[in-house]
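See structure below.
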Amino acid sequence: MRMTRTKVVVFVTAMIFLSTFSFYGYQMLNAPNVLNTHNGKISRSVVYLYIPAGATFQTVLDSLERHKALEDKLSFAFLAKLMGYQQKVKTGRYKLHPDMSNKELLYMLLSGKQEPINLLIPPLRKIDNILPLLDKQLMITAQDIEQAMQQWQDTLRREGLDSTSYWCIFLPNTYEVYWDVSAPQLIKRMLQEYRHFWNEERRQKAKAIGMTPHEVMTLASIVQAESSKMDEMPRIAGVYVNRLRRNMFLQADPTIMYAVGDYSMRRVLKKHLAVDSPYNTYKYKGLPPGPIGIPTPQAIEAVLNYELHDYLYFCAKDDFSGYHLFAKSYEEHLRNARSYQKAVSKLSREENE
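Each residue of the sequence shown is one higher than the one before, counting from 0 in numbering that gives the first Met the number 0.
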């Protein structure tokens, strides 16, 4: 009788233990464990976990702790070990929702189911700015991208590009990519976007103007530097096309700024015009060797669909609106230029008072 009673006690104790363990195990797996904390307060917004190359499980754990993203760090660490995540850390940018369970979080991390980023490439006046811009937004470094570009040179040359225009495959736009995209994958993607943009229709338009895509982008980079007004770009492009066809110097001030390396100058002076550079369009006829910046699709379209007119000159308006006055004769242009220079001088005096 005592033996039976002892067995019952052992059985009941074991059942209680198993039930408790099962309940705790279920809780560890399925109970909400992700807390999104912002300024010390629980937030309902999502947070992003970035796992770089070479990261270990401890790196991930430290990052989660730094963001105060886990309610129970020990249960997460225990399950991560049980599920083998400690040896299977994957790079990426992961979206953590409030109230995610350990199971949901670990399945996401183990599968590498990351969230893409919106890679923003804005209009760039200086081509050199593209590398730090990409470096800042992606896991790869500027050096990684530069090395990969070297490996893609033959392919880029077959596209009609050269060392002055390679970076123009990074057409300003917003692209959905993964944060941990490799440098070769990124260049391949940008080249696909470039080819998609330069379709047969646009190539035929360039041919009709008597230009290659490289030359169109070179002129577009100048047009873009001259005006931020989209509606005015085709007219400015028309001025330069007219000057090219008449074998006139382009006399584009942005090319002087590029040659001198100073984009902050308000006026181009005679000393600047004396700079001996193939980008000095006051000294050398035709287009410069390559783009002075990375042109936007809109600037390229402005060149491909330039406005037909007889204007040969343009000058900034004296109201500083960003728009320009256009002239067919040099005499008319001089009047416009004097008016603008007067306004600049007046503004300088007022700023110094």
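Cβ coordinates follow ideal geometry from the N, Cα and C atoms, glycine included.
Item	Value
Report back the beta-carbon spacing between I116 and W178 to the nearest angstrom; my notes put them in contact at under 8 Å.	5 Å
May I ask you to verify whether the stretch 165-180 touches the stretch 123-133, counting CB pairs closer than 8 Å and requiring at least 3?	yes
So, for F20: in the same chain, excluding its five sequence neighbours on each side, which residues have a beta-carbon less than 7 Å away from its beta-carbon?	Any reading at F20 is ruled out, since the residue's pLDDT is 43, under 50, leaving its predicted position unreliable.
Using only CA atoms, which one of N304, T254, R337 and R242 lies nearest to D230?	N304
Determine the direct distance from the alpha carbon of A68 to that of I208, and round the result to whole angstroms.	58 Å
To which residues of the same chain is G159 closer than 7 Å at the C-beta, ignoring the five residues directly before and after it?	T211, P212 and H213
Using only CA atoms, which one of P233, P290 and R188 lies nearest to S162?	P290
I need the straight-line Cα distance from R194 to I235, nearest angstrom please.	26 Å
Determine the DSSP secondary structure at T295, reduced to helix, strand or coil.	coil
Roughly how many whole angstroms lie between the Cα atoms of R202 and R188?	20 Å
Which residues in the same chain have their Cβ closer than 7 Å to the Cβ of T357, if we skip the five residues on either side of it in sequence?	Outside the displayed range of the chain (0 to 352) lies residue 357, so it cannot be described from this structure.
Look at the Cβ atom of M107, then the Cβ atom of Y93, and state whether they are nearer than 8 Å.	yes
Figure out for me which residue from F77, L95 and K87 has the closest Cα to the Cα of L63.	L95
For V215, count neighbouring C-beta atoms within 10 Å of its own C-beta (all shown protein chains included) and say buried if the count is 16 or more, exposed if not.	buried
For L311 and R242, which I take to be in contact (beta-carbon distance under 8 Å), what is that distance rounded to the nearest angstrom?	6 Å
Answer with buried or exposed for G260, where buried requires no fewer than 16 other C-beta atoms within 10 angstroms of its C-beta.	exposed
What is the residue span of the alpha helix (DSSP H) that E175 lies within?	First-last for E175: N172 to V176, but that is the beta strand (DSSP E), not the alpha helix (DSSP H).
Give me the Cα-Cα distance between M338 and M264, rounded to the nearest whole angstrom.	Going by the sequence as given, residue 338 is Ser instead of Met. Computed Cα separation, rounded: 19 Å.
Is N198 helix, strand or coil when you go by DSSP?	coil
Residues in the same chain with beta-carbon distance under 7 Å from R124, minus the five sequence neighbours each way, listed in chain order, please.	A224, Y262 and G292
In the DSSP output, which residue or residues are listed as bridge partners for Y165?	The partner list for Y165 (beta bridge, DSSP) is empty, contrary to what the question assumes.
Find the nearest neighbour of S354 within the set L333, A342 and A326, judged by alpha-carbon distance.	In the structure displayed, the chain extends from 0 to 352; residue 354 sits before or after that span and is not available.
Would you please state the rounded distance, in angstroms, between the beta carbons of I144 and L190? I believe it to be under 8 Å.	Rounded, the Cβ-Cβ distance is 13 Å, inconsistent with contact.
Unbroken beta strand (DSSP E) runs of length 3 or more, entirely within the stretch 248-330: which are they?	312-315 and 323-326
If you count every other CB in all the chains shown that lies within 10 Å of the CB of D61, and 16 or more means buried, which is it?	exposed
From N198 to K204, what distance separates their C-alpha atoms?	10 Å
Apart from the five residues just before and just after F248, which ones in its own chain have a Cβ nearer than 7 Å to its Cβ?	T280, Y281 and K284
Which first and last residues belong to the beta strand (DSSP E) in which G91 is found?	G91 to L95
With H, G and I counted as helix, E and B as strand and the rest as coil, what does DSSP make of N32?	coil
Are the beta-carbon atoms belonging to M138 and T90 less than 8 Å from one another?	yes
Quick one, are the C-beta atoms of F56 and V33 less than 8 Å apart?	no
How would you label G53, buried or exposed, when you count the other beta carbons within 10 angstroms and need 16 or more for buried?	exposed
Of all the options L272, D318, Y322 and D275, which has the alpha carbon lying nearest to the alpha carbon of S227?	Y322
Buried or exposed: which applies to P51, given that a residue is buried once 16 or more other Cβ atoms fall within 10 Å of its Cβ?	exposed
What is the rounded straight-line gap between the Cα of T58 and the Cα of L73?	15 Å
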